[in-house]
Amino acid sequence: MTSARAKEPFDLDRLRDARQLGTLYRSGAVVVIEEPVLDEILSYSSHDLVREVGGFLLGEIHQEEPNCVIVRHFHPAVQATSRAASLTFTHETWSDLHRQAELRFPGAVVVGWQHTHPGFGVFLSAYDLFIHRNFFSLPWQIAMVVDPRRQELGFFHWRADEVLDCGFVCLGG
84 MTSARAKEPF DLDRLRDARQ LGTLYRSGAV VVIEEPVLDE ILSYSSHDLV REVGGFLLGE
144 IHQEEPNCVI VRHFHPAVQA TSRAASLTFT HETWSDLHRQ AELRFPGAVV VGWQHTHPGF
204 GVFLSAYDLF IHRNFFSLPW QIAMVVDPRR QELGFFHWRA DEVLDCGFVC LGG
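Written as structure tokens, this is what we have:
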């Protein structure tokens with residue numbers, strides 16, 4: 084896994100045929116996810132409708148205007164401690180992420196995390212905010228919540244010093 088570094092400016096023409104979902108804010112990074120990755124996350128999220136599951140979002144950061152976080156890969160956190168209303172990333176979870184990211188996604192950056200709220204809706208709980216503020220505190224890092232029972236999903240990003248919901252753009256596969 085590499086450290087975060089700015090890439091070439093994101094080509095806005097790539098968004099011409101993309102689907103925008105929700106409201107995009109100028110004050111935060113635009114979240115862009117590739118459709119096959121979104122499909123993989125939704126499939127993984129639906130395998131347990133009782134306990135929270137989750138993983139890590141990997142990709143690229145483009146810090147030129149427009150600021151974009153591009154989600155290109157998903158790594159499930161299979162070693163996480165999973166309960167009905169919480170998900171804990173253990174030491175083993177982080178070790179596996181670093182090991183697998185180097186092998187499977189060379190050059191990718193951890194751009195955020197994903198977890199489910201089965202039947203609870205899409206929001207960040209106080210515990211989720213603790214995780215985000217302490218482990219995903221870089222200004223471009225994002226969170227994704229999926230409710231597989233209600234079939235809802237949403238993204239959250241930093242705007243100033245708050246973590247707020249945001250729209251996203253889905254690039255076709």
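Under our numbering, the sequence shown is numbered contiguously, ending at residue 256.
Backbone N, C-alpha and C fix where the C-beta goes; we use that ideal spot for every residue, glycine too.
Owing to the predicted nature of the structure, the values given are computational and were not obtained by experimental measurement.
Keeping to the same chain, check which residues put their C-beta closer than 6 Å to that of residue i; ignore five residues upstream and five downstream.
i      : result
Leu70  : This structure leaves residue 70 out entirely; the chain is present only between 84 and 256.
Thr106 : Gly250
Asn150 : Ala112
Gly204 : Asp230
Is residue i buried or exposed, if buried means 16 or more other CB atoms sit within 10 Å of its CB?
i      : result
Val161 : exposed
Pro159 : buried
Gln234 : exposed
Tyr127 : buried
Phe188 : buried
His174 : exposed
Val114 : buried
Glu117 : buried
His181 : exposed
Phe172 : buried
Phe218 : exposed
Kindly give me the distance between the Cβ atoms of residue i and residue j, rounded to whole angstroms, as I take these residues to be in contact under 8 Å.
i      : j      : result
Cys253 : His240 : Rounded, the Cβ-Cβ distance is 16 Å, inconsistent with contact.
Val228 : Leu236 : 7 Å
Leu132 : Pro201 : 5 Å
Trp196 : Phe139 : 6 Å
Any heavy atom of the ligand SAM closer than 7 Å to the Cβ of residue i?
i      : result
Arg232 : As far as ligands go, the structure on display features none, and thus does not contain the ligand SAM.
In its own chain, which residues sit with a C-beta less than 7 Å from the C-beta of residue i, not counting the 5 before and 5 after it?
i      : result
Arg242 : Tyr108, Ser110 and Gly111
Asp179 : Gln162
Gln103 : Gly250 and Val252
Spatial neighbours of residue i within its chain, please: C-beta separation below 8 Å, excluding the five flanking residues on both sides.
i      : result
Glu123 : Phe157
Val246 : Leu207, Leu212, His215, Arg216, Ala226, Phe239 and His240
Gly142 : Val152, Ile153, Val154, Arg155, His156, Ala191, Val192 and Val194
Gln183 : His158
Leu125 : Val229, Pro231 and Leu236
Tyr210 : Ser169
Ala101 : Val115, Val252, Cys253, Leu254 and Gly255
For this session: Could you pull out every unbroken beta strand (DSSP E) segment of at least 3 residues lying fully inside the stretch 207-255, listed in chain order?
Result: 225-230, 235-242, 245-249 and 251-254
Exercise. Which parts of the stretch 179-210 are runs of the beta strand (DSSP E), unbroken and 3 residues or longer, counting only runs that do not cross its ends?
Worked result: 192-199
For this session: Give, in chain order, every unbroken run of the alpha helix (DSSP H) that is at least 4 residues long and sits entirely within the stretch 102-183.
Result: 118-128
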